Amino acid sequence: MLKWMCSLVVCMAVLDSHAQVADSAKRFVRLDGTVNFRDIGGYATKNGMHVKWGKIYRSDALNRLFDNDLKKLQDLDISFVADFRGPFEAKAAPDRLPAGAVRISLPAGSEHIGDSSNKTLGLQLPPDSSLVSFYRNTAPFRERYKPVFDALLGLQAGNALLYHCTAGKDRTGIATALILYALGVDKTVIVQDYIATNVYRRSANAKAIPAMVKGYGISEKVAGNMMAAREEYIEATFSSLEEQYGSIDNYLKKEMGLNKAKRKQLQALYLTE
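In case it helps, mature numbering (1 follows the signal peptide of the UniProt record, and there is no 0) puts the sequence shown at residues -19 to -1, 1 to 254.
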């Protein structure tokens, strides 16, 4: 049953995110120590521009990187790394970074994730084991994501930025959605990028789900829902922002500091024909 469910999720992701996965040979950065390291470049914007390749990267945890991986990150000119993990996660699995890279910790909303003394995960989950409530909770977003936008605006020419969490799915997925939206990428494409995580994490999730069932005493369904990247999750973030601010554009202006001039500056830095 579990294999069938995982296969169904993967098949749906392949169908819905075909355009994203089709260019994965260029988008996916193959490292020995990660499974979900991607370049978010190449996407077309609504006005006919394209997000630049080789400037903004997203990933899962970096603690398993090998020396050859670090060399590759150096070759990618990654000089700034934003870590969305909480203190327990980061302490248990410290980042390995290339020499000279600046790391900033942005744990807002993740303060208790990875706390081994907390054995009540299963009791805290909603009955349908959905992550919609997590994605609708925008309270930590400003503290977590505004520094990333600030860093993008101040990044030196020739350098690249990387952000990550543990799986490269939830916190990283929301960051990617906000960045791509700010650059003018259509929401449909943003959703495709988000759910493509199901493809890249297929093998890792197949191992993680049984471990979660055993470690937290939750069902396979609950664990599967937690590890999946579902369209309804990222749409919940969009809906929550629209309900609170009237539009995502208003949110980016008010909470991310992207007024008209700064948003134009961001697009000038990270878009090309």
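We treat Cβ as the ideally placed atom computed from N, Cα and C, and that holds for glycine. From a predicted model like this one, the values you see are computed outputs, not experimental measurements.
Point to revise | Cβ separation of Asn179 and Ala138, assumed to be a contact under 8 Å, to the nearest whole Å | key: Asn179 to Ala138, Cβ: 35 Å. No contact.
**Study point:** Val16 to Asn28 span [Cα, whole Å]
**Key:** Roughly 32 Å between the two C-alpha positions.
Point to revise | CB contact flag (Gly85, Ala71, <7 Å) | key: Here the sequence assigns Ile to residue 85, which means Gly is not the residue at that position. Taking 7 Å as the Cβ cut-off, Ile85 and Ala71 do not qualify as a contacting pair.
Exercise for review: Taking all protein chains shown into account, decide if Arg125 is buried (16 or more other Cβ within 10 angstroms of its Cβ) or exposed.
Suggested key: buried
Point to revise | Beta-carbon gap between Gly196 and Asp41 smaller than 7 Å | key: no
Exercise for review: Just mark Asn118 as buried or exposed, buried being the case when its beta carbon has 16 or more other beta carbons within 10 Å.
Suggested key: exposed
Check your understanding: What did DSSP end up calling Ile171 once you bin it into helix, strand or coil?
Key -> In the three-state reduction of the DSSP assignment, Ile171 falls in the helix class.
Exercise for review: Evaluate the contact criterion for the region 197 to 209 versus the region 49 to 59: three or more CB pairs, one atom per stretch, below 8 Å.
Suggested key: no
Practice item. Measure from the alpha carbon of Phe61 to the alpha carbon of each residue in Leu134, Arg45, Glu216, then state which is nearest. Key: Leu134
**Study point:** Coil, strand or helix - Val16 by DSSP
**Key:** Of the three classes helix, strand and coil, the one that applies to Val16 here is coil, per DSSP.
**Study point:** Nearest candidate by alpha-carbon position, reference Ala74, set Ala82, Arg45, His31
**Key:** Arg45
Exercise for review: List the endpoints of the continuous alpha helix (DSSP H) containing Tyr232.
Suggested key: 229 to 236 is the span of the alpha helix (DSSP H), which, as asked, contains Tyr232.
Check your understanding: Could you give the uninterrupted runs of the beta strand (DSSP E) lying entirely in the region 118 to 188, keeping only those of 3 residues or more?
Key -> 141 to 145
Exercise for review: May I ask you to verify whether the region 30 to 38 touches the region 142 to 158, counting CB pairs closer than 8 Å and requiring at least 3?
Suggested key: yes
Review point. Do Leu164 and Val32 come within 7 Å of each other at the CB atom, strictly closer than that value?
Key: yes
Review point. What did DSSP end up calling Gly103 once you bin it into helix, strand or coil?
Key: Caution is warranted here: a pLDDT of 44 is assigned to Gly103, below 50, making its placement in the model unreliable, and the coordinate value is therefore given only provisionally. Residue state, collapsed to three classes: helix.
**Study point:** Per DSSP, cross-strand counterpart(s) of Phe61
**Key:** Val83, Leu142
Review point. I think Glu92 touches Pro68, with their Cβ atoms under 8 Å apart; what is that distance to the nearest whole Å?
Key: 7 Å
Check your understanding: So which of Pro79, Phe9, Tyr232 has the shortest CA-CA distance to Asn49?
Key -> Pro79
Exercise for review: Please confirm whether Leu112 and Arg77 have their CB atoms less than 7 Å apart.
Suggested key: no
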